[in-house]
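In the working numbering, the protein residues as written are 1 to 472.
Ideal placement from N, C-alpha and C gives every residue a C-beta, glycine not left out.
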Amino acid sequence: MCSSTFASRARPSSRTRPAAVEVEQDLTDRSADPAERLRGAGAPTFEELRAFTEPRLVTEIPGPRARALVEADAKVTSPSLPRAYRFAPARGAGTVLEDVDGNVFLDFNAGIAVCSTGHAHPQVVEAIERQARMLLHYSASDFYLPIYVELCERLDDISPMSGPTRSFLTNSGTEAVEAALKLARRVTGRQYLLAFFGAFHGRSYGSVTLTASNAKYHTGFGPLLPGVLHAPFGDLDHMRDLIFRRLVKPEEIAAVVVEPIQGEGGYVVPPEGWLRELRDLCTEHGILFVADEIQSGMGRTGMMWAIERDGIEPDILLAGKGIASGMPLGAMIARAELMTWEVGAHGSTYGGNPVSCAAALATIDLIEKELAANAEQVGSGLLEGLRRLEAEGDLIVDVRGFGLMIGVEFRSPTVADAVEEACFSRGLLTLRAGDATIRISPPLVINAEQARSGLRLFGEACDEVAGLPEGA
1 MCSSTFASRA RPSSRTRPAA VEVEQDLTDR SADPAERLRG AGAPTFEELR
51 AFTEPRLVTE IPGPRARALV EADAKVTSPS LPRAYRFAPA RGAGTVLEDV
101 DGNVFLDFNA GIAVCSTGHA HPQVVEAIER QARMLLHYSA SDFYLPIYVE
151 LCERLDDISP MSGPTRSFLT NSGTEAVEAA LKLARRVTGR QYLLAFFGAF
201 HGRSYGSVTL TASNAKYHTG FGPLLPGVLH APFGDLDHMR DLIFRRLVKP
251 EEIAAVVVEP IQGEGGYVVP PEGWLRELRD LCTEHGILFV ADEIQSGMGR
301 TGMMWAIERD GIEPDILLAG KGIASGMPLG AMIARAELMT WEVGAHGSTY
351 GGNPVSCAAA LATIDLIEKE LAANAEQVGS GLLEGLRRLE AEGDLIVDVR
401 GFGLMIGVEF RSPTVADAVE EACFSRGLLT LRAGDATIRI SPPLVINAEQ
451 ARSGLRLFGE ACDEVAGLPE GA
């Protein structure tokens with residue numbers, strides 16, 4: 001009886017499927033392991049894939065399966081997704097990705113700085129599998145989860161705050177931003193919030209109001225959250241002379257939300273000492289200092305948190321992206337005395353789910369043990385090499401950053417686009433940020449040989465674009 005009931009709900013077999021989906025059915029067939037299906041076409045084992053130091057391209061780029069997938073994607077997914085180029089990954093190992101056509105790429109963007117421990121790190125995978133066999137989900141909003149508490153204790157241990165902290169876990173960095181906005185207004189009793197031009201804090205209504213890196217994030221969605229002001233990044237005089245004197249008294253501002261290094265705005269490093277002065281200004285006026293470390297944190301700059309380079313403590317710290325090596329997780333970490341909101345004032349059904357917490361604990365172990373130091377060491381070599389490229393040509397106008405959070409700014413958006421595409425055609429995966437910047441943000445497991453290969457390919461891409469006719 002049950003089977004006939006389910007059968008009656010099935011889609012009619014006469015419904016036609018897109019041709020591209022038919023082409024791709026072997027890749028989307030869940031009855032077999034994707035790696036096993038690819039291996040039949042001569043794909044390397046996991047260990048072999050992880051050991052690659054150079055791309056290996058076996059088809060034109062993109063290949064036929066990738067093109068078919070792009071065609072199918074265009075018919076069923078939201079057009080709002082801002083795809084960089086036609087790359088379709090099938091599996092990964094460390095700093096290396098293999099696409100659906102069997103082409104092997106070096107990953108220099110880590111899935112927007114998310115895959116901190118690389119792709120399918122055995123220690124992270126083991127932690128995920130172990131937790132999945134025990135408990136996939138039970139809501140920490142309504143019940144007590146041991147692994148949720150364990151992760152919050154670890155976050156307290158590694159936070160840059162000297163005093164005790166308490167954490168609220170979410171599914172994403174954006175949700176962590178939203179939690180911080182609510183807590184800041186609640187605990188201070190103030191309504192105004194201050195962020196910076198060039199910032200990216202997310203795309204939900206509260207977080208996107210703070211975001212000021214591209215007009216498209218706001219277009220058509222107004223009115224946004226009231227009471228949000230913006231100032232130039234790195235300019236305290238504007239805050240003092242214009243915002244505090246002409247718009248809002250500092251005593252009415254609940255929080256300043258700042259990225260220690262701007263991410264989507266172009267990997268922009270503030271002037272030396274500016275964050276310290278901003279911290280002092282917040283302390284003077286009782287404004288909460290919220291450090292958005294969603295992209296810059298978790299060892300990416302060579303330290304656990306980018307803000308540690310300035311030796312200052314935030315009141316609230318936001319983590320996400322690399323915190324769980326690709327599993328959905330974010331965290332708002334606040335000084336314990338700020339966590340005074342009442343029971344039920346904020347919650348999350350899935351936030352801090354057990355499997356993501358397990359991945360985060362394994363990730364933190366790896367970052368503390370070796371990966372932050374590796375980011376500092378390999379990143380310094382990349383930074384030096386990229387600055388040589390800047391000196392040798394006229395395409396690059398600035399190279400900046402720390403560790404494996406490096407921005408390479410070009411003379412125009414057109415040039416940056418062309419270099420990104422030229423990198424892709426060579427098997428190097430990069431990603432734009434800001435108006436004309438390419439971010440260099442590989443997994444923290446990258447080794448020196450892979451870094452040298454990526455640097456060489458990046459230089460070749462720049463040479464190719466430099467040889468094109470102006471405006472081509």
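Alpha carbon of residue i to alpha carbon of residue j, nearest angstrom
i: Pro473; j: Leu224; result: A query on residue 473 cannot be resolved here, the shown segment of the chain reaching from 1 to 472 and no further.
i: Thr45; j: Phe108; result: 21 angstroms
i: Val258; j: Pro232; result: 11 angstroms
i: Asp99; j: Gly118; result: 16 angstroms
i: Pro164; j: Gly299; result: 21 angstroms
i: Leu169; j: Leu468; result: 49 angstroms
i: Arg166; j: Ala436; result: 39 angstroms
i: Ser116; j: Arg246; result: 43 angstroms
i: Val399; j: Val408; result: 5 angstroms
i: Val104; j: Arg65; result: 14 angstroms
i: Ala127; j: Ile364; result: 12 angstroms
i: Val114; j: Cys152; result: 20 angstroms
i: Ala358; j: Glu449; result: 31 angstroms
i: Ser380; j: Ile294; result: 22 angstroms
i: Gly454; j: Leu338; result: 45 angstroms
i: Ala466; j: Gly266; result: 22 angstroms
i: Thr473; j: Gly102; result: Because the chain in this structure spans residues 1 to 472, residue 473 falls outside the shown range and cannot be described.
i: Ser473; j: Ala306; result: Outside the shown range of the chain (1 to 472) lies residue 473, about which nothing can therefore be said.
i: Glu60; j: Thr430; result: 18 angstroms
i: Met303; j: Leu278; result: 21 angstroms
i: Arg50; j: Ala84; result: 24 angstroms
i: Gly263; j: Phe196; result: 12 angstroms
i: Ala180; j: Gly222; result: 22 angstroms
i: Gly322; j: Lys182; result: 24 angstroms
i: Leu366; j: Ala372; result: 9 angstroms
i: Arg154; j: Leu361; result: 8 angstroms
i: Gly330; j: Leu389; result: 36 angstroms
Exposed unless 16 or more other CB atoms sit within 10 angstroms - verdict on residue i
i: Asp142; result: exposed
i: Asp394; result: exposed
i: Lys216; result: exposed
i: Gln191; result: exposed
i: Glu272; result: exposed
i: Thr283; result: exposed
i: Val445; result: buried
i: His201; result: buried
i: Phe410; result: buried
i: Gly198; result: buried
i: Phe424; result: buried
i: Glu129; result: exposed
i: Gly320; result: buried
i: Gly276; result: This sequence places Arg at residue 276; Gly is not what is there. Burial call: exposed.
i: Asn63; result: The sequence shown places Gly at residue 63, not Asn. Its Cβ being crowded by 16 or more others within 10 Å, Gly63 is buried.
i: Ala110; result: buried
i: Ser31; result: Because the pLDDT of Ser31 is 49, which lies under 50, any placement of that residue in the model is unreliable, and the number read from its coordinates should be weighed accordingly. With fewer than 16 other Cβ atoms within 10 Å, it is exposed.
i: Ser474; result: One cannot answer for residue 474 here, as it falls past the ends of the chain, which runs 1 to 472.
i: Val76; result: exposed
i: Glu159; result: Correcting the residue type first, residue 159 is Ser in the shown sequence and not Glu. When all chains shown are included, Ser159 counts as buried.
Cβ pair residue i, residue j closer than 9 angstroms
i: Ser213; j: Gly403; result: no
i: Ala140; j: Leu194; result: no
i: Ala291; j: Ile316; result: yes
i: Phe406; j: Leu382; result: For the sequence presented, residue 406 should be read as Ile rather than Phe. Yes, they are a contact pair.
i: His285; j: Ile253; result: yes
i: Glu420; j: Ile396; result: no
i: Pro328; j: Ser204; result: no
i: Ala461; j: Arg432; result: no
i: Thr301; j: Ile261; result: yes
i: Ile333; j: Met134; result: no
i: Leu473; j: Val177; result: No statement about residue 473 is possible, as the shown extent of the chain runs from 1 to 472 and does not include it.
i: Pro55; j: Leu457; result: yes
i: Tyr148; j: Gly352; result: yes
Residues bridged to residue i (per DSSP)
i: Ile253; result: Tyr192
i: Arg166; result: Ala334
i: Pro89; result: Asp99
i: Ile440; result: Ile406
i: Val104; result: Arg56 and Glu98
i: Leu431; result: Arg439
i: Glu119; result: Note that residue 119 is His in the sequence shown here, rather than Glu. In DSSP, His119 forms a bridge with Gly94.
i: Gln496; result: Given a span of 1 to 472 for the chain in the structure shown, any question on residue 496 remains unanswerable.
i: Val258; result: Ala291
Cβ-heavy atom distance, residue i to the ligand GTP, below 8 angstroms
i: Glu313; result: What this structure holds is no ligand at all, so the ligand GTP is not there to describe.
For the stretch 201-251, list the alpha helix (DSSP H) runs that are entirely contained and at least 4 residues long, ordered along the chain. 205-210
Going along the chain, which unbroken runs of the beta strand (DSSP E) with 3 or more residues stay wholly within the stretch 266-309? 288-292
Unbroken beta strand (DSSP E) runs of length 3 or more, entirely within the stretch 330-406: which are they? 330-335 and 396-402
What ranges does the alpha helix (DSSP H) occupy inside the stretch 129-159, keeping only unbroken runs of at least 4 residues that lie completely in it? 146-158
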